[in-house]
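*Asks:* Following this message is one structure expressed as structure tokens.
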Amino acid sequence: MIRRGLRRLLRPAALPKGFDVTGGRDAAWLALPPSERIASIGHRACVGGDDAEAWYGIGRLQFHVLVAQGLRHDHVFLDIACGALRLGQFLIPCLDPGRFFGLDVQPELVEAARGVEIPEDLLALKRPVFGFNGDFDVSFVDPFDAAIAQSLFTHMGEADIAACFAALRPRAKRDARFWFIWFEGASDINPTGQAHANMGWRFPFETMAGLAAQGGWRAERIGDWNHPRGQKIALARPV
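Residues in the sequence shown are numbered from 0 upward in steps of one, following numbering that gives the first Met the number 0.
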């Protein structure tokens, strides 16, 4: 089965040397059910938004890049691993009704963010659509013009990243654009196994481009975009 990556992002695992992506959370916290994690520290902190810059800054950064590169109010947009609506708080109000689609493995995160990050009356007006699964099943999404995966591939090995590219391709319009964010670097100390939220992977761009090509995309490196954690950005287009 190829589409499998998101479902494993909640399972605890040992941290490999050099990759502290848990924000210092201990093993007991990592083993809690999602609802208890969120209740203990809040939905923002659960996705690494412990402070204002990590929360608003990264969300705003994504929004500015998307708009600068041509995202329009009438585009259909897919936010992969939309989580606690760090991007959604900026983007949903700006898109036409029914044009924002969010995919996540944790309905608890989206539920905790609703009404806090975006008022319920605005949500009713804008009608964002959410899907919850760990298989990259985007059959609920209208054919999309644009998509982003922010800090998702940082937690995935090659097989899961390839699965994501392959799953998205059939729902992409011919001129669609898919921005993806990853940690660039040598992959020789990457962990083995499958996707985990508390583990991190690094890859050269050439590896990411190859995985994109397997799924029917042509990737181009954008590189630095002032991400506070040093993550890089690239753009993929259907072939």
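Quick reminder that beta carbons are idealized off the backbone N, C-alpha and C, glycines included. These figures come from a predicted structure and were not determined experimentally.
1) Using 10 angstroms around the beta-carbon of Thr191, count the other beta-carbons present and answer buried if the total reaches 16, otherwise exposed.
2) Provide the residue(s) that pair with Lys231 in DSSP beta bridges, ordered along the chain.
3) If you draw a straight line from the alpha carbon of Leu234 to that of Asp159, how long is it in whole angstroms?
4) Output yes or no for whether 7 Å exceeds the beta carbon distance between Leu86 and Gln61.
5) How would you label Val238, buried or exposed, when you count the other beta carbons within 10 angstroms and need 16 or more for buried?
6) Assuming Phe143 contacts Lys125 under a Cβ cut-off of 8 Å, what Cβ separation, rounded to an integer in Å, is found between them?
7) From the DSSP output, read off the bridge partner residues of Trp216.
8) Straight-line CA distance for Leu84 to Ala112?
9) For Pro92, tell me which candidate among Glu183, Ile117 and Gly41 has the shortest Cα-Cα distance.
10) How many Å lie between Leu77 and Leu94 at the Cα?
11) Between which two residues does the beta strand (DSSP E) containing Leu77 stretch?
12) Less than 7 Å between the beta carbons of Asp49 and Gly82, yes or no?
13) How would you label Asn225, buried or exposed, when you count the other beta carbons within 10 angstroms and need 16 or more for buried?
14) Find out if the Cβ-Cβ distance for the pair Ile37, Cys45 is shorter than 7 Å.
15) Applying the 10 Å Cβ sphere with the 16-neighbour rule, what's the burial state of Leu121?
16) In this structure, does DSSP put Phe99 in helix, strand or coil?
17) Between the alpha carbons of Trp200 and Gly184, how many angstroms are there, rounded?
18) What's the gap between the Cα of Ser186 and the Cα of Trp178?
19) With DSSP collapsed to three states, give me the class of Val128.
20) Can you tell me whether Ser150 is buried or exposed, with buried defined as 16 or more other CB within 10 angstroms of its CB?
*Replies:* Short version:
1) The residue given as residue 191 occupies position 192 in the sequence shown. Flag for Thr191 reads exposed.
2) Counting from 1 along the sequence shown, the entry for residue 231 is found at position 232. Paired residue(s): Trp181.
3) Position 235 of the sequence shown, counted from the start, is the residue given in the question as residue 234. Position 160 of the sequence shown, counted from the start, is the residue given in the question as residue 159. When rounded, the distance between both Cα atoms is 18 Å.
4) The residue labelled residue 86 in the question sits at position 87 within the sequence shown. The residue labelled residue 61 in the question sits at position 62 within the sequence shown. Yes, they are a contact pair.
5) Numbered from 1 along the sequence shown, position 239 holds the residue referred to as residue 238. Under this definition Val238 is an exposed residue.
6) Working through the sequence shown from its first residue, we reach residue 143 at position 144. Working through the sequence shown from its first residue, we reach residue 125 at position 126. Rounded, the Cβ-Cβ distance is 16 Å, inconsistent with contact.
7) What you label residue 216 is simply residue 217 of the sequence shown in a count that begins at 1. According to DSSP, Trp216 bridges with Pro237.
8) One-based indexing of the sequence shown puts residue 84 at position 85. One-based indexing of the sequence shown puts residue 112 at position 113. Cα to Cα, Leu84 sits roughly 7 Å from Ala112.
9) Translated into the one-based positions of the sequence shown, residue 92 becomes position 93. Looking at the Cα atoms, Ile117 is the closest of the given residues.
10) Looking up residue 77 in the sequence shown gives position 78. Looking up residue 94 in the sequence shown gives position 95. About 12 Å.
11) The residue given as residue 77 occupies position 78 in the sequence shown. Leu77 -> beta strand (DSSP E) spans Phe76 to Ile79.
12) The sequence position of residue 49 within the sequence shown is 50, counting from 1. The sequence position of residue 82 within the sequence shown is 83, counting from 1. For Asp49 and Gly82, no; Cβs fall outside 7 Å.
13) Locating residue 225 in the sequence shown gives position 226, where the first residue counts as 1. Burial check for Asn225: the Cβ neighbour count within 10 Å stays below 16, so the residue is exposed.
14) Looking up residue 37 in the sequence shown gives position 38. Looking up residue 45 in the sequence shown gives position 46. In this structure, Cys45 lies closer than 7 Å to Ile37 by Cβ.
15) On the sequence shown, residue 121 is found 122 positions in, with the first residue counted as 1. By the 10 Å Cβ count, Leu121 comes out exposed.
16) On the sequence shown, position 100 is the one that residue 99 refers to. Judged by DSSP in its simplified three-state form, Phe99 adopts strand.
17) Locating residue 200 in the sequence shown gives position 201, where the first residue counts as 1. Locating residue 184 in the sequence shown gives position 185, where the first residue counts as 1. Spanning the two alpha carbons is a distance of roughly 9 Å.
18) Walking along the sequence shown from the start, residue 186 turns up at place 187. Walking along the sequence shown from the start, residue 178 turns up at place 179. Near 21 Å, if we compare the C-alpha coordinates of Trp178 and Ser186.
19) By one-based count along the sequence shown, residue 128 stands at place 129. Strand at Val128.
20) To locate residue 150, count along the sequence shown from 1; it is residue 151. Taking a 10 Å sphere around the C-beta of Ser150, we find 16 or more other C-beta atoms and assign the residue as buried.
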